[in-house]
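Our numbering puts the first residue of the sequence shown at 182, with every later residue one more than the last.
See below for the structure under consideration.
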Amino acid sequence: DEMKAIEDIINRKSIELLMLAKYDVDARKYTVLKETSSIKLCTMDFWGRYDEKFDFIVNWEPDVDNLYKNGKFAEGQLLLGPTNVVLDKIFLTIDNKPINPIVKKILIAMGGSDYLNLSNAILNALRDVKIDIELDLVLGAAARNREELDKLIVGYPHKISISENVSDLAMRMAESDLAFCSGGLTL
């Protein structure tokens, strides 16, 4: 049972905060954990459809106050706006680099699944670019369009590398002159 396994880990590791990174989390499933431990629950909500049983709701989009009727809710706290963005700590260590006026290296990272198949659309749009560019395409673990992408890059006019499930995405962003990235957890 998934919930029993999660509860065991929480108790064994003395976890105090559980951050749920699912957009369609059923809060009732996880709030049961609060009955058997002192765990605090946090979720990311980008549509204003939060469940009041969470201790923290994080939405780092700008100007989201209108999605939420008040600054607090029954049991917790809303953490709204860009000051509450969740970033990998590697972003704190990367030095600013000067902006290259000529784009040479382009990163494409459309998140864990790229369910809208945006990588394909971007590659098709860049096909006819007349300058010499190098493309770094990063696919997530749930990407469903790998076969289609492999066919698309046959005879592709620009240098392209495809990587999956990388742990160095922040560094790749820093090394690129231009990045096409989905929002959400990719950042």
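Note that beta-carbon positions come from the ideal geometry of N, C-alpha and C, so glycine has one too.
Query: Could you give the C-beta distance for residue 301 and residue 329, rounded to a whole number, given that I count them as a contact under 8 angstroms?; Result: 6 angstroms
Query: Compare the C-alpha of residue 312 against each of 287, 336, 292, 248 and name the closest.; Result: 287
Query: Please state the DSSP three-state secondary structure of residue 300.; Result: helix
Query: Please classify residue 228: is it buried, with 16 or more other beta-carbons within 10 angstroms of its beta-carbon, or exposed?; Result: exposed
Query: Would you call the region 269-286 and the region 350-363 touching, i.e. three or more CB-CB distances under 8 angstroms?; Result: yes
Query: What is the DSSP secondary structure of residue 341, counted as helix, strand or coil?; Result: strand
Query: Helix, strand or coil: how does DSSP classify residue 328 here?; Result: helix
Query: Apart from the five residues on each side of it in sequence, which residues of its chain come closer than 7 angstroms, Cβ to Cβ, to residue 246?; Result: 261
Query: Taking the alpha helix (DSSP H) that residue 356 falls in, what are its first and last residues?; Result: 350-356
Query: Using a Cβ-Cβ cutoff of less than 7 angstroms, which residues in the same chain neighbour residue 163 once the five nearest sequence positions on both sides are dropped?; Result: No answer is possible for residue 163: the residues shown for the chain start at 182 and end at 368.
Query: Going along the chain, which residues of its own chain have a beta-carbon closer than 7 angstroms to the beta-carbon of residue 263, five neighbours each way excluded?; Result: 241, 243
Query: Quick one, which of 234, 310, 298 has its alpha-carbon nearest residue 283's?; Result: 310
Query: My assumption, with CB atoms under 8 angstroms, is that residue 361 sits in contact with residue 303. Please give the rounded CB distance.; Result: 5 angstroms
Query: Roughly how far, in whole angstroms, is the beta-carbon of residue 222 from the beta-carbon of residue 211, given that I think they are within contact range, below 8 angstroms?; Result: 6 angstroms
Query: CA-CA distance, residue 290 and residue 363?; Result: 7 angstroms
Query: Can you list, in chain order, the residues of its chain whose CB lies under 6 angstroms from that of residue 340, leaving out five sequence neighbours each side?; Result: 315
Query: Do residue 259 and residue 237 have their beta-carbon atoms positioned less than 9 angstroms apart in this structure?; Result: yes
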